[in-house]
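Trainee: In my numbering, the protein residues as written are 61 to 129.
For every residue, glycine included, the Cβ atom is placed at its ideal position computed from N, Cα and C.
Note that the structure is predicted; figures quoted are calculated from it, not measured.
(1) Check whether the stretch 88-95 and the stretch 108-126 touch, using three or more Cβ-Cβ pairs below 8 Å as the test.
(2) Could you check where the beta strand (DSSP E) with residue 78 kicks off and where it finishes?
(3) Once DSSP output is grouped into helix, strand and coil, what is the label at residue 65?
(4) Alpha carbon to alpha carbon, what distance is there between residue 128 and residue 75?
(5) Do you know how far the Cα of residue 107 is from the Cα of residue 100?
(6) Would residue 105 and residue 64 qualify as a contact pair, given that the criterion is a beta-carbon distance under 8 Å?
Below is the structure:
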């Protein structure tokens, strides 16, 4: 999955970028009334996300995995 596509899903579900440090972008959102923080590591929005990083970011978001298929 491209980083651009992952970010579209996050922002469509109410996440907003709150800070960036180098390659690490932090997004904040609320899922089921709980505050969630997602750290996305990328330098270009068009680059592919490694499978383990993608799984971790999906887990951090608390969103259903099927949204990212």
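Mentor: Result, derived from the coordinates:
(1) Counting Cβ pairs under 8 Å, three or more are found: they touch.
(2) Residue mapping note: residue 78 aligns to position 18 of the chain shown, counting from 1. Element bounds for residue 78: 76-81.
(3) If you number the chain shown from 1, residue 65 lands on position 5. Looking at residue 65 - three-state DSSP - the assignment turns out to be helix.
(4) Within the chain shown, numbered from 1, the residue matching residue 75 stands at position 15. Within the chain shown, numbered from 1, the residue matching residue 128 stands at position 68. Answer to the nearest angstrom: the Cα atoms are 14 Å apart.
(5) Taking the chain shown and counting its residues from 1, one reaches residue 100 at position 40. Taking the chain shown and counting its residues from 1, one reaches residue 107 at position 47. About 12 Å.
(6) Mapped onto the chain shown, residue 105 falls at position 45. Mapped onto the chain shown, residue 64 falls at position 4. At a Cβ-Cβ threshold of 8 Å, residue 105 and residue 64 count as neighbours.
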